[in-house]
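Participant: Sharing a structure with you now.
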Ligand SMILES: [Zn+2]
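In full-length UniProt numbering, the protein residues as written are 1 to 249.
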């Protein structure tokens, strides 16, 4: 499998100029801690660990991988997509861990969700996830109009094409994550994520597990499990890219 993927990515690099460039965005950072596990692990630390593993694997396959933050630093949400635009990245992947607010829901909820951008959330739980992830907006970042947060983006033809590609990328990564981890498949969903709204390339936000679940939260802190998560993300990216190259022939 890995040799096949390596061949796919190297072929992509060869056909697309200097390199295939993926921007990997570790959710939160600095004062923005994200969610917290029952034992006190912070989302911002685990997302950085997983993002580093994803980047290392992409580099080993011949792709270029750039992190939106390489340390525990606050990075404005708008700056994350802006970085991807500035370096003309091929993909933007934001990595997060899910969380539930009440004790009962924290015990009950586990599994994986993958999101791409939409003005309207798929359902109430997608609305809640977007609200939590959007709360990181730092002082000074412009407000999104909550009644129609991404209308301008969605009306742009170029970005609508990117949105269709985002959907395909989301399904490819979700499928690999669920298969590799044997975790509950909570599906591909859409919601108005601030961090995705500015990206001018296929962009997805992954909730690779619930940090708030006693067992899944524990698994997510282990290096071996993080490697499995990272491997599945890279396989999903490679599958998406292989599909894209076939479609464009
Ligand atoms: Zn998050």
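C-beta: ideal position from N, C-alpha, C; glycine also.
Can you tell me which of 46, 76 and 36 puts its alpha carbon nearest to the alpha carbon of residue 106?
Facilitator: Among 46, 76 and 36, the Cα nearest to that of residue 106 belongs to 36.
Participant: Would the beta-carbon of residue 254 be found less than 7 Å away from any heavy atom of ligand 1?
Facilitator: Residue 254 falls outside the range modelled here, since the chain spans only 1 to 249, and no answer is possible.
Participant: Kindly list the residues whose CB is nearer than 6 Å to the CB of residue 165, restricted to its own chain and excluding five residues on each side of it in sequence; keep chain order.
Facilitator: So the list reads 202, once near-sequence residues are dropped.
Participant: Which of helix, strand or coil does DSSP assign to residue 147?
Facilitator: With a pLDDT of 48 at residue 147, under the threshold of 50, the modelled position of that residue is not reliable, and no figure is offered here.
Participant: Tell whether a beta-carbon distance below 8 Å holds between residue 190 and residue 49.
Facilitator: Cβ atoms of residue 190 and residue 49: not closer than 8 Å.
Participant: Rounded to whole angstroms, what's the CA-CA distance from residue 90 to residue 20? Just pull it up for me.
Facilitator: Those two C-alpha atoms are separated by around 6 Å.
Participant: Quick one: what's got a C-beta closer than 6 Å to residue 99's C-beta in the same chain, skipping five residues either side?
Facilitator: For residue 99, where only same-chain residues beyond five positions count, the Cβ hits under 6 Å are 35, 211 and 212.
Participant: For residue 47, which of helix, strand or coil comes out of DSSP?
Facilitator: DSSP places residue 47 in helix when its eight states are reduced to three.
Participant: Compute the Euclidean distance between the alpha carbons of residue 120 and residue 186, then round it to the nearest angstrom.
Facilitator: Spanning the two alpha carbons is a distance of roughly 18 Å.
Participant: Three Cβ pairs or more, each shorter than 8 Å: is that satisfied between the stretch 163-183 and the stretch 112-129?
Facilitator: Touching, yes.
Participant: My understanding is that residue 133 touches residue 92, with C-beta atoms under 8 Å, so please give their C-beta distance in whole angstroms.
Facilitator: Not confirmed; about 14 Å, so no contact.
Participant: Please state if the CB of residue 181 and the CB of residue 97 are separated by a distance shorter than 8 Å.
Facilitator: Cβ distance not < 8 Å, so residue 97 and residue 181 don't count as in contact.
Participant: Could you pull the start and end residues of the beta strand (DSSP E) that residue 236 belongs to?
Facilitator: No beta strand (DSSP E) holds residue 236; the alpha helix (DSSP H) holding it covers 223-248.
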